[in-house]
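Enquirer: Those protein sequences? They're chains A and B, same order as listed. Take the first sequence: its letter number 94 is residue 94 in this note's numbering, and every next letter is one higher. All you need for this note's numbering is the position in the second sequence, starting with 1, plus 1000. Backbone N, C-alpha and C fix where the C-beta goes; we use that ideal spot for every residue, glycine too. Bear in mind the structure is a predicted one, so any value in this text is a computation, not a measurement.
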Amino acid sequence: MEVENNFGPVDIAISGLRAQGKQIEIISSNVANARTTNAGNGEPYRRLEATFKSDSDTGGVKLDKILTDTSEFLKVLDPGHPLADENGYVAMPNVNLPVEMMNLTIATRVYQANTAVLKRYQQMVETTLELLR
Amino acid sequence: MVNMNANVSGIQNTMKGILEQKSVQPGNNSGNSSLPKIGSLDHKSADFGDAVKAINNYISKVDDLQTSSDMSIKDLLSGKNEDITSVVSAVAKADLSFKLLVGVRNKLIEAYKQTMNMQV
């Protein structure tokens, strides 16, 4: 057995950590831009969604694409707003903060699960090495 | 990984030789040819030196991992690299392989000491 093969679980757990780190980064971008009426193209900010794919070489996970959520913008009645249309509605980003908080909790839990796997694997290797003594 | 098989097969061959010696009946001592010769058994390069040589190769691999873990920590502290997961990965790998190396080394030294203390 090659030495590198012993590190398979380490690499996979680390890839999970990286992927969830990216997911948390995207969630933080969504939360920060929850009230952004101009995302640079004249439209309000569109919420981003990360998709992942499995890495067939290592068995780990990697970021596939960062897609934009194409659902409708939120219409808020605010006639005094400088960006309000003729009916007094302002288009706000399609970011739903409770949903983002739920996704953040999921991403945090998956991150913790990956660290748990890494930690447990290290313990397993140490237990195996105890047999040498 | 270090090839421990060389040692194990050597021990197995020796054990086989001892067992066969015991199974020889006392009245059947007509000639030396009936006694099993340990040297005649097909054991290939089962000496201690090979295990020590094999570990040399592994030491350099472990050293590479240690160096890369050191470098990644330095890069993180100097701000060159901000990816903490790569540091965790490098340190975990260096830690695991070093523990294995220490375990194998202790076992080899123990085997050497046991051999040296053997009554002849």
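Which term fits B/A1090, buried or exposed, when burial requires 16 or more other beta carbons within 10 angstroms of its beta carbon?
Expert: Its Cβ being crowded by 16 or more others within 10 Å, B/A1090 is buried.
Enquirer: Enumerate in chain order the residues of its own chain whose CB-to-CB distance from B/N1106 is below 8 Å, with the five nearest sequence positions on each side excluded.
Expert: Closer than 8 Å at the Cβ level, and outside the excluded window around B/N1106, lies no residue.
Enquirer: With a cut-off of 8 Å, does the C-beta of B/K1099 fall near any C-beta of chain A?
Expert: True, the Cβ-Cβ gap to chain A drops below 8 Å.
Enquirer: Tell me the DSSP secondary structure of B/F1098 in three-state form.
Expert: In this structure, B/F1098 counts as helix in the three-state DSSP scheme.
Enquirer: Taking A/F52 as part of the alpha helix (DSSP H), name the residues at either end of that continuous run.
Expert: A/F52 -> not in any alpha helix (DSSP H); beta strand (DSSP E) instead, spanning 48-54.
Enquirer: Would you report the Cα separation of B/S1068 and A/G8, rounded to the nearest angstrom?
Expert: C-alpha separation (whole angstroms): 18 Å.
Enquirer: Closer than 8 Å, Cβ to any Cβ of chain B: which residues of the stretch 9-22 of chain A, in chain order?
Expert: Of all residues in the stretch 9-22 of chain A, V10, D11, I14, L17, R18, G21 have a Cβ within less than 8 Å of some Cβ in chain B.
Enquirer: Just the Cα atoms here: how many angstroms apart are A/E130 and A/L67?
Expert: Approximately 48 Å between the Cα atoms of the pair.
Enquirer: Can you find the residues in the same chain that come closer than 7 Å, C-beta to C-beta, to B/Q1025, ignoring five residues on each side of it along the sequence?
Expert: At B/Q1025, the pLDDT of 44 sits below 50, so the modelled position is not reliable; the number obtained from the coordinates is stated separately. Here the set comprises nothing.
Enquirer: Do you know how far the Cα of B/V1062 is from the Cα of A/R18?
Expert: Answer to the nearest angstrom: the Cα atoms are 25 Å apart.
Enquirer: For A/V125, which residues in chain B fall below 8 Å Cβ to Cβ?
Expert: By Cβ distance, chain B contributes L1096, K1099, L1100.
Enquirer: For a contact meaning CB atoms closer than 9 Å, what does A/N103 contact in chain D?
Expert: Absent from the structure: chain D. Protein chains present are A and B.
Enquirer: Quick check: B/L1065 and B/K1099, are their CB atoms within less than 8 Å of each other?
Expert: No; because the gap between Cβ atoms is not below 8 Å, this pair is not in contact.
Enquirer: Report buried or exposed for B/L1122, applying the criterion of at least 16 other Cβ atoms within 10 angstroms of its Cβ.
Expert: It is not possible to answer for residue 1122 of chain B, since the shown part of chain B is limited to 1001 through 1120.
Enquirer: Do the CB positions of A/L104 and A/G88 come within less than 8 Å of each other?
Expert: No, the Cβ-Cβ distance between A/L104 and A/G88 is not below 8 Å.
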